[in-house]
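Numbering (mature numbering (1 follows the signal peptide of the UniProt record, and there is no 0)), first residue to last: -19 to -1, 1 to 410.
This is the structure:
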């Protein structure tokens, strides 16, 4: 495949890959990874709208000896590197989408972009680090291509759209990629992914065997009563009082029915809508919320308990209730295969230094990387992006206008993706 000037320049900079170590190649590509990250950060796009992002990635991949497929799950890009030798197929994944957040950071490469969401023009920012994920995967693709003669099997580079959730009325993300066969032809044996973290020091990596991130199940409850004048509540079937009882009762599912010492769970109501005047008891109230679970048993129990409590309370109040669960999307548990985790731990420790590899507790955030893990063994890691001179308390949270991770954190990510791929291939033969 004909290389562009960029690809030729990188090739000359790297020299003979066989004569260089992974660390040397990662060091060489780091400036380009930073440049890619700055461009992607400055030009974010919303979920299922990553058209220019996909073009940018594709143009670079064309400089490598890979087979490229575009428009996977609408805007996704997939590339396959074939070593020409028998062996496993290792998939590496990065997410592509930004968020409807207005950036407040004073950066030369800050985002000033806007996009369309739910019929409105909104600011767009890479407020969760997906710009770094793409740049790190592009760097890993460069290094692994340079080391092609040392590989056994194939590497599949997956640039995934819509991890943050498709726009209303659309499907997207890992679930759609899986349905479209991204883990087939060639069939993927294992998949690795990572997430930059603004609260973890640069140079450190965190891992969690088994359930690492929660399943997420949004829900909606519509309560229908009987409207009446606020001065005559006995003439009503009050959906507001019914809703209040439901909100309180739903909290007892976790506090009284889930064995929380074994597995954490969350039931949160995030939205209540009903009524429009102080002196009218409305006919209808709507509750919207989210369920987070870290075990299959807890998830199944909460599904059953939600229906039981919603209908029981509605019946006791003379109201009608309709529970929609899940509401519009549903992510499984991000489950790190324990055997794969144990197998790759020495590689992770070699890449980061044993003292920098931290065993972490699960979190109740969610990730649609879990759809890949339902099909093949997978391992998902957290890579530090917090500058060492910033405290955890002062580090801005993900999904906020001040979110920031340092460029220096990406080199370890490139190294991890590259070394895990090579070591898995070598240990499979």
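Glycine is no exception: its CB is placed at the ideal position from the N, C-alpha and C atoms.
Contact between the region 181 to 197 and the region 83 to 96 is absent: fewer than 3 CB-CB pairs across the two stretches fall below 8 Å.
Taking every protein chain shown into account, the CB of residue 115 has 16 or more other CB atoms within 10 angstroms, so this residue is buried. In the DSSP assignment, residue 361 falls within the beta strand (DSSP E) that extends over 359 to 367. DSSP, reduced to helix, strand and coil, places residue 236 within a helical segment of the structure shown.
Cβ neighbours of residue 28 within its own chain (closer than 7 Å, five residues either side excluded): 78, 142, 143, 145, 146, 147, 148, 153. In the structure shown, residue 340 falls within a strand segment according to DSSP collapsed to helix, strand and coil. In the structure shown, the three-state DSSP call for residue 377 is coil.
Spatial neighbours of residue 191 in its own chain (CB-CB distance under 7 Å, excluding positions within 5 residues in sequence) are listed in chain order as 316, 317, 319. Judged by DSSP in its simplified three-state form, residue 275 adopts coil rather than helix or strand. Taking residue 228 as reference, the option from 267, 369, 345 with the minimal CA-CA separation is 267. Residue 9 and residue 63 have their C-alpha atoms spaced approximately 23 Å apart.
Between the beta-carbon of residue 248 and that of residue 283 there is about 7 Å, and that keeps the pair under the 8 Å contact cut. With at least 16 other beta carbons inside 10 angstroms of its own, residue 348 counts as buried.
Taking C-beta atoms as the reference points, residue 178 and residue 373 fail to come closer than 8 Å.
DSSP places residue 174 in the uninterrupted beta strand (DSSP E) bounded by 171 to 182.
For residue 407, the uninterrupted alpha helix (DSSP H) run begins and ends at 391 to 408, by DSSP. Counting only runs of 3+ residues, the beta strand (DSSP E) found wholly inside the region 13 to 96 occupies 48 to 53, 57 to 63, 70 to 76, in chain order. For residue 395, the closest alpha carbon among the candidates 31, 174, 20, 159 is that of 174. A distance below 8 Å separates the beta carbons of residue 221 and residue 263. Note that the region 199 to 217 does not touch the region 388 to 403; fewer than 3 beta-carbon pairs, one per stretch, sit closer than 8 Å.
For residue 111, the secondary structure class from DSSP, reduced to helix, strand or coil, is helix. Residue 260 is a Cβ neighbour of residue 212, given a cutoff of 8 Å.
Taking C-beta separations shorter than 8 Å and ignoring five residues to either side along the sequence, the partners of residue 392 in its chain run 7, 8, 11, 14, following chain order. Residue 185: not part of any alpha helix (DSSP H); DSSP gives it neither H nor E. Cβ contact annotation for residue 121 (same chain, cutoff 7 Å, sequence separation greater than five): 73, 395, 398, 399, in chain order. In this structure, DSSP gives residue 130 a helical state, which the three-state scheme calls helix. The shortest CA-to-CA distance from residue 276 to any of 55, 245, 168 is the one to 245. In this structure, the straight-line span from the alpha carbon of residue 378 to that of residue 385 is close to 8 Å. Non-local C-beta neighbours of residue 351 in its own chain, meaning closer than 8 Å and more than five positions away in sequence, comprise 155, 194, 196, 312, 313, 314, 315, 316, ordered along the chain. Within its own chain, the residues whose Cβ lies closer than 8 Å to the Cβ of residue 97, once the five positions on either side in sequence are excluded, are 27, 30, 103, listed in chain order.
Under the three-state reduction of DSSP, residue 345 is assigned to coil, being neither helix nor strand. For residue 32, the number of other beta carbons within 10 angstroms of its own is below 16, and it is reported as exposed.
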